[in-house]
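For the sequence shown, our numbering assigns the number 68 to the initial residue and increments by one for each residue that follows.
Don't be surprised by glycine CBs; every beta carbon is placed ideally from N, CA and C.
Note that this is a predicted model, so its numbers are computed, not measured.
All remarks here apply to the structure that follows.
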Amino acid sequence: MEKMLVGCLLMLGQLFLVLPVDGRERPQARFPSRGRHVRMYPQTALLESSCENKRADLAFIIDSSRSVNTYHYAKVKEFILDILQFLDIGPDVTRVGLLQYGSTVKNEFSLKTFKRKSEVERAVKRMRHLSTGTMTGLAIQYALNIAFSEAEGARPLRENVPRIIMIVTDGRPQDSVAEVAAKARNTGILIFAIGVGQVDLNTLKAIGSEPHKDHVFLVANFSQIESLTSVFQNKLCSKSVPHLSLRPPSFCAQVHGQREMHHSLEDYTYIKHIITQIQK
Numbered sequence: 068m069e070k071m072l073v074g075c076l077l078m079l080g081q082l083f084l085v086l087p088v089d090g091r092e093r094p095q096a097r098f099p100s101r102g103r104h105v106r107m108y109p110q111t112a113l114l115e116s117s118c119e120n121k122r123a124d125l126a127f128i129i130d131s132s133r134s135v136n137t138y139h140y141a142k143v144k145e146f147i148l149d150i151l152q153f154l155d156i157g158p159d160v161t162r163v164g165l166l167q168y169g170s171t172v173k174n175e176f177s178l179k180t181f182k183r184k185s186e187v188e189r190a191v192k193r194m195r196h197l198s199t200g201t202m203t204g205l206a207i208q209y210a211l212n213i214a215f216s217e218a219e220g221a222r223p224l225r226e227n228v229p230r231i232i233m234i235v236t237d238g239r240p241q242d243s244v245a246e247v248a249a250k251a252r253n254t255g256i257l258i259f260a261i262g263v264g265q266v267d268l269n270t271l272k273a274i275g276s277e278p279h280k281d282h283v284f285l286v287a288n289f290s291q292i293e294s295l296t297s298v299f300q301n302k303l304c305s306k307s308v309p310h311l312s313l314r315p316p317s318f319c320a321q322v323h324g325q326r327e328m329h330h331s332l333e334d335y336t337y338i339k340h341i342i343t344q345i346q347k
């Protein structure tokens with residue numbers, strides 16, 4: 068009798084496992100949020116649609132501060148690789164750049180660096196953790212003035228190719244983000260802000276585009292970040308992606324030198340001082 072019962076249970080278990088994902092409701096894991104509301108995004112199968120022939124200039128901005136340990140850093144890289152899977156990457160379709168930041172900003176590769184998806188994937192896998200501070204505002208400033216410049220591979224404004232930032236962070240920035248993020252959005256850049264763990268939600272809202280429900284995301288931990296993959300496939304590949312009118316920033320820095328560059332807070336402060344003097 069016991070053997071028959073075990074056999075029935077095994078058969079039921081196998082039947083349950085072969086049901087399509089949408090055919091059953093998945094229980095959501097619960098994580099302690101210390102009294103804060105954390106929005107959950109159930110993992111679903113990737114959509115059959117892709118971003119085929121989608122033109123966009125996409126820049127990833129990755130928090131590489133010391134609060135992100137080796138395991139968490141690996142999870143972020145996996146998330147980026149998952150996003151790359153459904154993008155149509157190439158000079159005439161989606162161009163991808165990536166910078167990571169701690170106390171400095173490191174340009175891992177520009178929008179013009181790679182022409183094939185396989186090259187981008189290899190570069191992501193080779194990335195090394197900075198393990199320093201959290202200068203989020205400095206990273207956004209770099210993207211605005213440098214990463215999205217034509218010199219670094221962004222297409223001319225007259226082509227009206229969407230410019231998109233996906234920023235992943237796990238902590239409170241050590242600099243101001245609201246003003247520089249607003250400047251970036253005002254030029255027509257669409258910003259998706261992804262917070263992991265005990266991130267201040269108001270800070271994320273100060274970074275992300277509106278409406279916040281479509282552009283600001285908060286997950287409990289780095290193991291949950293992969294649940295956003297299908298969410299972003301919907302958003303990046305959908306025909307309803309907002310097409311914003313692009314405008315040049317008030318100041319564009321001209322950058323020369325090595326492909327991999329580090330820019331510190333002191334550098335940015337010095338440049339800002341020069342701009343102030345010129346405006347006087």
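Between residue i and residue j, how many whole angstroms is the CB-CB distance? I'm expecting something under 8 Å.
i           : j           : result
residue 232 : residue 210 : 6 Å
residue 169 : residue 131 : 5 Å
residue 126 : residue 229 : No, residue 126 and residue 229 are not in contact; Cβ-Cβ is about 12 Å, not under 8 Å.
residue 162 : residue 220 : 6 Å
residue 283 : residue 260 : 5 Å
residue 237 : residue 134 : 6 Å
Going by DSSP, what residue range makes up the alpha helix (DSSP H) through residue i?
i           : result
residue 163 : From DSSP, residue 163 is part of no alpha helix (DSSP H) but of the beta strand (DSSP E) over 161 to 168.
residue 146 : 137 to 152
residue 204 : 203 to 209
residue 186 : 184 to 193
residue 304 : 296 to 304
Whole angstroms is fine: what's the gap from residue i's alpha carbon to residue j's?
i           : j           : result
residue 293 : residue 272 : 21 Å
residue 243 : residue 176 : 25 Å
residue 120 : residue 223 : 18 Å
residue 99  : residue 225 : Note that residue 99 scores a pLDDT of 35, beneath 50, so its modelled location is shaky; the value from the coordinates is reported in the next line. Answer to the nearest angstrom: the Cα atoms are 48 Å apart.
residue 143 : residue 151 : 12 Å
residue 148 : residue 252 : 26 Å
residue 274 : residue 183 : 30 Å
residue 305 : residue 118 : 8 Å
residue 262 : residue 179 : 28 Å
residue 214 : residue 173 : 11 Å
residue 166 : residue 129 : 6 Å
residue 206 : residue 290 : 24 Å
Would you list the one or two residues that DSSP bridges to residue i?
i           : result
residue 174 : 166
residue 127 : 165 and 233
residue 8   : The question about residue 8 has no answer, for the chain in this structure spans 68 to 347.
residue 180 : None, per the DSSP bridge assignment.
At what residue ranges does the stretch 220 to 291 contain a whole run of the beta strand (DSSP E), taking only runs of 3 or more? 230 to 236, 257 to 263 and 283 to 286
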